[in-house]
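Counting from 1 along the sequence shown, just add 123 to a position and that's the residue number in the numbering used here. Think of the CB as a built atom: it goes at the ideal place given N, C-alpha and C, for glycine as much as any other residue. None of these values were measured; they are calculated from a predicted model. First comes the structure, then the notes that go with it.
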Amino acid sequence: MILGIETSCDETAAALVTQDGQILANVVASQADLHAKYGGVVPEVASRRHLELVTPVIREALDEAGATLDDVGSVAVTTGPGLIGALLVGLSAAKALAWARRLPLVPVDHLHGHVASLFLEPASLEPPFTCLLASGGHTLLLDVRDRGWESVRVLGTTLDDAAGEAFDKGARLLGLSYPGGAALDALAREGDPDAYAFPVARVPGLDFSFSGLKTALLYAVRGLPPDELERRRADLAASYQRAIVRALVGRVEAAGGERVAVVGGVAANSELRASLPDATAAPLALCTDNAAMIASAARYSERLDSPDFLALDAYASAA
Ligand code: KG4
Ligand code: ZN
124 MILGIETSCD ETAAALVTQD GQILANVVAS QADLHAKYGG VVPEVASRRH LELVTPVIRE
184 ALDEAGATLD DVGSVAVTTG PGLIGALLVG LSAAKALAWA RRLPLVPVDH LHGHVASLFL
244 EPASLEPPFT CLLASGGHTL LLDVRDRGWE SVRVLGTTLD DAAGEAFDKG ARLLGLSYPG
304 GAALDALARE GDPDAYAFPV ARVPGLDFSF SGLKTALLYA VRGLPPDELE RRRADLAASY
364 QRAIVRALVG RVEAAGGERV AVVGGVAANS ELRASLPDAT AAPLALCTDN AAMIASAARY
424 SERLDSPDFL ALDAYASAA
């Protein structure tokens with residue numbers, strides 16, 4: 124079995140996955156509460172928390188799978204993109220384990236991991252397909268020809284904010300705590316999506332832009348007296364969410380792929396899922412960051428033998 128480790132942002136995660144894609148354990152320790160009071164992830168705080176959590180989380184995953192390190196055949200770890208100090212905690216843990224047990228180590232790109240959340244049982248999806256990857260850090264439209272990361276081509280990306288970032292910033296303006304995507308999704312259900320006409324950015328090609336939308340919400344919020352704002356919060360949330368979903372769905376349709384999949388934290392959004400009824404959305408538990416998707420991606424990636432992997436480094440942004 125493959126031990127996956129993921130520490131690229133504010134989730135400390137470990138998972139055990141078999142070579143044929145069965146999840147034996149998938150443990151995620153979220154640090155969201157720790158960062159909420161700052162309104163976003165504080166990198167140094169995240170690194171320190173990863174350091175405290177990484178060993179207990181790996182232990183818990185082994186316990187959950189009823190396994191020991193003797194059962195582990197390789198170690199997969201996210202090497203980027205993400206917060207560099209956070210990534211280094213997972214990478215160091217993975218190197219130490221693989222070195223001590225003389226196991227191969229598989230470096231995995233976080234974005235490949237999100238795509239590989241679709242290759243896990245019992246709902247494994249066979250490429251080719253067009254994939255919308257929408258998370259807190261990225262918004263990408265991908266042409267997925269095969270399961271390896273080298274077979275994935277970028278069709279479009281965001282020119283400014285990521286879709287999840289737009290959700291989080293909008294949520295903050297509406298007084299919801301970080302990371303507000305899921306809370307905004309819930310609030311939107313009580314509101315009228317046609318109450319406000321928020322703009323969908325016109326960007327050439329298959330790229331995205333969300334910064335204008337966030338500014339439009341800011342002005343709408345500023346323009347309302349406090350009691351009125353309180354009454355219109357759900358309408359604002361619903362209209363704002365509608366604009367983000369429209370932008371995402373519009374690009375997916377423009378890409379014109381025969382089969383479509385949606386992954387990443389924003390793929391958990393109820394309106395997005397409902398707006399793409401023919402698309403395959405990643406299972407809810409695998410949308411937000413987790414290590415099962417990292418172990419999954421490792422099945423289609425190159426392994427490095429001990430001690431070659433000791434020279435591996437993490438990278439902060441997409442290459
Ligand atoms: O994939 P992910 O866990 O982390 C990154 O790789 O960035 O995505 C986290 C993002 C956050 O911005 C969060 O607000 C958003 O996914 N998110 C949602 C929902 N659940 C999580 N956004 C909209 N609706 C949701 N239900
Ligand atoms: Zn992610």
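Residue i (DSSP reduced to helix, strand or coil)
{"i": "residue 245", "result": "coil"}
{"i": "residue 240", "result": "helix"}
{"i": "residue 432", "result": "helix"}
{"i": "residue 419", "result": "helix"}
{"i": "residue 197", "result": "strand"}
{"i": "residue 331", "result": "strand"}
{"i": "residue 349", "result": "helix"}
{"i": "residue 441", "result": "coil"}
{"i": "residue 320", "result": "coil"}
{"i": "residue 130", "result": "coil"}
{"i": "residue 232", "result": "strand"}
{"i": "residue 326", "result": "coil"}
Unbroken beta strand (DSSP E) run spanning residue i, endpoints
{"i": "residue 134", "result": "134-140"}
{"i": "residue 277", "result": "275-280"}
{"i": "residue 252", "result": "252-257"}
{"i": "residue 266", "result": "262-267"}
{"i": "residue 212", "result": "That residue, residue 212, is in no beta strand (DSSP E); its alpha helix (DSSP H) goes 207-224."}
6 Å Cβ shell around residue i - same chain, five flanking residues per side excluded
{"i": "residue 199", "result": "125, 127, 229, 231, 417, 418 and 421"}
{"i": "residue 225", "result": "429"}
{"i": "residue 174", "result": "212"}
{"i": "residue 408", "result": "none"}
{"i": "residue 153", "result": "134"}
{"i": "residue 166", "result": "206 and 208"}
{"i": "residue 145", "result": "244"}
Cut-off 8 Å between Cβ atoms - residues of its own chain near residue i, not counting five sequence neighbours on either side
{"i": "residue 131", "result": "201, 203, 204, 205, 206, 209, 210, 213, 233 and 412"}
{"i": "residue 247", "result": "144 and 241"}
Of the residues the options, the one placed nearest residue i, counting alpha carbons only
{"i": "residue 285", "options": "337, 312, 247 and 254", "result": "337"}
{"i": "residue 322", "options": "181, 306, 354 and 359", "result": "359"}
{"i": "residue 398", "options": "388, 375 and 408", "result": "375"}
{"i": "residue 377", "options": "265, 357 and 433", "result": "265"}
{"i": "residue 270", "options": "292, 218, 240 and 379", "result": "240"}
{"i": "residue 366", "options": "289, 147, 187 and 237", "result": "289"}
{"i": "residue 381", "options": "327, 222, 253 and 282", "result": "253"}
Endpoints, the alpha helix (DSSP H) within which residue i is located
{"i": "residue 411", "result": "First-last for residue 411: undefined, no H or E at that position."}
{"i": "residue 179", "result": "166-188"}
{"i": "residue 155", "result": "155-159"}
{"i": "residue 306", "result": "304-311"}
7 Å CB neighbourhood of residue i in its chain, flanking five on each side removed
{"i": "residue 343", "result": "319 and 359"}
{"i": "residue 191", "result": "185"}
{"i": "residue 217", "result": "128, 198, 200 and 228"}
Practice problem: Decide if the stretch 155-172 is in contact with the stretch 292-309; the criterion is three or more beta carbon pairs, one per stretch, under 8 Å apart. | Solution: Verdict: yes, contact present.
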